[in-house]
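I have placed the structure first, in the form of structure tokens, so that the comments after it can refer back to it.
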Amino acid sequence: MFRLNKKLMWLFCLPVLLFVLISGCAKEKKVYKIGAIFAITGPASPLGTPERDTVKLLEDQINQAGGIDGHRLKVIIYDTAGDETKCRMAVKKLIYKDKVLAIIGPSRSGTTLAIIDEVQKAEIPLISCAASIKIVEPVKKWVFKTPQSDVLAVAKIIDYLKERNIDKIAIINVSNPYGISGKEQLDIQAPQAGIQVVAHEEFGQKDPDMTAQLTRIKGTDAQAVICWGTNPGPAIVARNMRQLGMQIPLIQSHGIANKKFIELAGEAAEGVVFPAGRLIVAEELPDSDPQKSLLLKYANDFQQKYGRSADTFGGHAWDALQLVVSALKKAGPDKAKIRDEIENTRNFIGTGGIFNFSPTEHNGLTKEAFVMVTIRDGNWRLLK
Amino acid sequence: MTTYSQVVQYVITGITIGGIYALIALGFTIIYNTTGIINFAQGEFVMLGGMIAVSLATTGLPLLCAALLSVLLVTAVGLLFERLAIHPLKGASIITLIIITIGASIFLKGVAMLIWGKDAVRLPSFSGDKPFHILGATILPQHLWILGITLSVMLLLHLFFEYTILGKAMRASAANRLAATLVGINVRKMAMCSFALSAAIGAVAGIIISPVTFSSYDVGTMLGLKGFCAAIIGGLGSSPGAILGGFLLGILESLGAGFLSSSYKDATAFCILLTVLFLRPRGILGRP
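Chains L and A are the protein sequences, given in the same order. Its first residue numbered 1, the first sequence is counted upward by one per residue in my numbering. Its first residue numbered 1001, the second sequence is counted upward by one per residue in my numbering.
Set out below in structure tokens:
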């Protein structure tokens, strides 16, 4: 009985095995699998959704162009809902079940920090789409990131202040990790540039009114207000400043680089200055700008496929996936070699800037990744 | 800017925000008085008022029409809420009903998120954004609207409760349910009215602040809590107490943010609450 079964099994399995082997060789090369984890739902979904859409767009484009050296690209995308636990589970699944070659994402700094141990242990390259400098400082062997750090945005703002001969500033920030990190960086970099911080104010993420904080700032001799936050707070700050008749310039962070800010702040958005990646002002860049053609293509492709405009968050995913793909082309399907290739990437033109990685630099960007942008007639204008 | 004009500025800001807290606190009070329930979905009525008004206004309706329609719709939501979630549970204890209101709050928030998404939206100001100056402080026309409408709502409520049969019946069932039933007042119907009235007041609050502070699906939670704070400070169940508590909370919060530290603005509100509860556990105007 047992013997018969075994024989039968062989008879049945052999042709199947043969078929798989032959068809595998003849038809197509092995599929390259890359993992992606984004906060597609949950509070951080404004980040995760364009990231997912961008990755799908690129996956289609790459496969239509013949894949990576003839290998089809497959991106396995999981939703983290912006949650640390779910993110860890997704990463484990990608590493041990799907056996992907590299991982891009997650969208948030918190979720990224929660999985660093896991990817370091499994020795798999990770390119995060989150902003915090803590992700790459100190440098972790297997961890990279594409978004520009706060440090660079602050450096760009300091340059701008110096150009305008402003040497006394007031800081107002939202009391969450994003706002506090911006404030800390300003506190470090401003004195180094000879700029004095004359007031520190804070507001809660859901605060309906900031006139009290701004009244205090009005009482100081600050020559500019620097606001660090994400909507809706910064829009309220802009409106309250108008209300109080404050004439000094308002400089915001790159956290307001979306149309929502203009919509909420209305008239008060006019004249606000902030640092941003080049994507939102791609049209206005000089033709000599190496990023221009790429940015326009990405913006057009995205608009065509999804009927809405691309944003910087999608851009971070664009950079992350393209970095992995270009490393894969050179290194082949070997995780350690892919990592080495990413680390050796020089002059890689992405949406967020021109990346130059090295063993001591896993973000690869300088403050030149930012340009200063102002708002005029409800539109972004490149500040020259 | 002199300290004097700073104080004026803080007080003006405080009065406007305080007016909103007072309206929300009144909503708590009305439902509490007639049913004994603390309705934690009160903040959600505020949110719905703002969001529906914005949606209607963007379809091209005149602002006034959008606002009135929004109040009507939210009143209907309040009625439905009472009919579907509170009324069917005839013999349930008060604590069960309170927990149901928390559930309703989460439900309404979730539905709002699905309908309107997570972004904040803004209603245009009722009459422009040109600030004017009073005693060295600046104030927006919208602040006057907020103050004016808040005071009118309070006056109307007062007239309603003092001079109409329905208002008197609601007060009667608040004072003594059994006695009210004995004189022929349908106490359960009064409960329904109280929910409708609270929802309407909440909607008004949500509409008038939207031009200044924006609306989004999750503004209700914090506003609801602050309104609840105000109701407790003034003495739960007392309408003048709710108004006093609202203004007091708004002004002290604003002064605290101005003179102490803006980081502790919310902490200020809850410290005031604790202080009042230590000194007068029934609230400032609470019945002993």
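Positions of the beta carbon are idealized from the N, C-alpha and C atoms, including for glycine. If you're wondering where the values come from, they're calculated on a predicted model, not measured in any experiment.
The beta-carbon separation of residue 1244 of chain A and residue 1208 of chain A, rounded to 20 Å, does not stay under the 8 Å limit for a contact. When Cβ-Cβ separations below 9 Å define contact, residue 313 of chain L makes no contact with chain A. Think of a sphere of 8 Å around the beta carbon of residue 244 of chain L: the chain A residues whose beta carbon falls inside it are 1009, 1131, 1138, in chain order.
The CB of residue 175 of chain L comes closer than 7 Å to the CB of 1263 in chain A, given here in chain order. Non-local beta-carbon contacts of residue 301 of chain L in its own chain, meaning distances under 7 Å to residues more than five positions away in sequence, involve 57 in chain order. Secondary-structure assignment with DSSP links residue 1138 of chain A through a beta bridge to A:1133.
Distances from the alpha-carbon of residue 1157 of chain A to those of A:1042, A:1130, A:1204 put A:1204 closest. In the structure shown, residue 1065 of chain A adopts helical secondary structure according to DSSP, grouped into three states. Cβ neighbours of residue 373 of chain L within its own chain (closer than 8 Å, five residues either side excluded): 257, 273, 274, 275, 276, 280, 281, 380, 381, 382, 383. Per DSSP, the beta-bridge partners of residue 374 of chain L are L:273, L:381.
C-alpha of residue 318 of chain L to C-alpha of residue 63 of chain L: approximately 15 Å in a straight line. In this structure the segment 73-86 of chain L does not lie against the segment 329-347 of chain L, because fewer than three pairs of beta carbons, one per stretch, are closer than 8 Å. For residue 1259 of chain A, the secondary structure class from DSSP, reduced to helix, strand or coil, is helix.
Residue 1210 of chain A and residue 1014 of chain A do not touch by the CB rule: their CB atoms are close to 19 Å apart, not below 8 Å.
A distance of 9 Å or more separates the beta carbons of residue 271 of chain L and residue 228 of chain L. The beta strand (DSSP E) runs of length 3 or more contained entirely in the segment 17-100 of chain L are, from start to end of the chain, 32-38, 73-79.
In the displayed model, residue 358 of chain L falls within a strand according to three-state DSSP. Collapsing the DSSP output to three states places residue 368 of chain L in a helix. Taken through DSSP and simplified to helix, strand or coil, residue 1127 of chain A comes out as coil.
Against chain L, the CB of residue 1187 of chain A has no partner CB under 9 Å away; the residue lies outside that interface. Excluding five sequence positions before and after residue 1149 of chain A, the CB atoms of its chain that fall closer than 7 Å to its own CB belong to 1204, 1208, given in chain order. Contact between residue 352 of chain L and residue 148 of chain L holds: their C-beta atoms lie close to 6 Å from each other, under 8 Å. The count of Cβ pairs closer than 8 Å, one atom from the segment 1097-1109 of chain A and one from the segment 193-212 of chain L, stays below three, leaving the stretches out of contact. For residue 1006 of chain A, the nearest CB of chain L lies under 9 Å from its own CB, placing it at the interface with that chain.
Taking a beta-carbon distance threshold of 9 Å, residue 43 of chain L counts as an interface residue toward chain A.
In this structure the segment 37-49 of chain L lies against the segment 94-113 of chain L, because at least three pairs of beta carbons, one per stretch, are closer than 8 Å. In this structure residue 1151 of chain A is exposed. Its beta-carbon is surrounded by fewer than 16 other beta-carbon atoms within 10 angstroms. Residue 224 of chain L sits in a strand when the DSSP states are folded into three classes. For the segment 320-346 of chain L, there are no residues whose beta carbon sits under 9 Å from a beta carbon of chain A. Contacts with chain L at 9 Å (Cβ-Cβ) do not include residue 1205 of chain A. Contact of residue 1029 of chain A with chain L by beta-carbon distance below 8 Å is absent, the smallest such distance being about 22 Å. If you check each beta-carbon in the segment 1195-1219 of chain A against every beta-carbon of chain L, the ones closer than 9 Å belong to 1209, 1212, 1213, 1214, 1216, 1218, 1219. For residue 1041 of chain A, the nearest beta carbon of chain L is not closer than 9 Å to its own beta carbon. Taking 9 Å as the cut-off, the beta carbon of residue 1241 of chain A is found closer than this to the beta carbon of residue 1235 of chain A. The beta-carbon separation of residue 1094 of chain A and residue 1037 of chain A, rounded to 6 Å, stays under the 8 Å limit for a contact. When secondary structure is reduced to three states using DSSP, residue 1040 of chain A falls in the coil class, being assigned neither helix nor strand.
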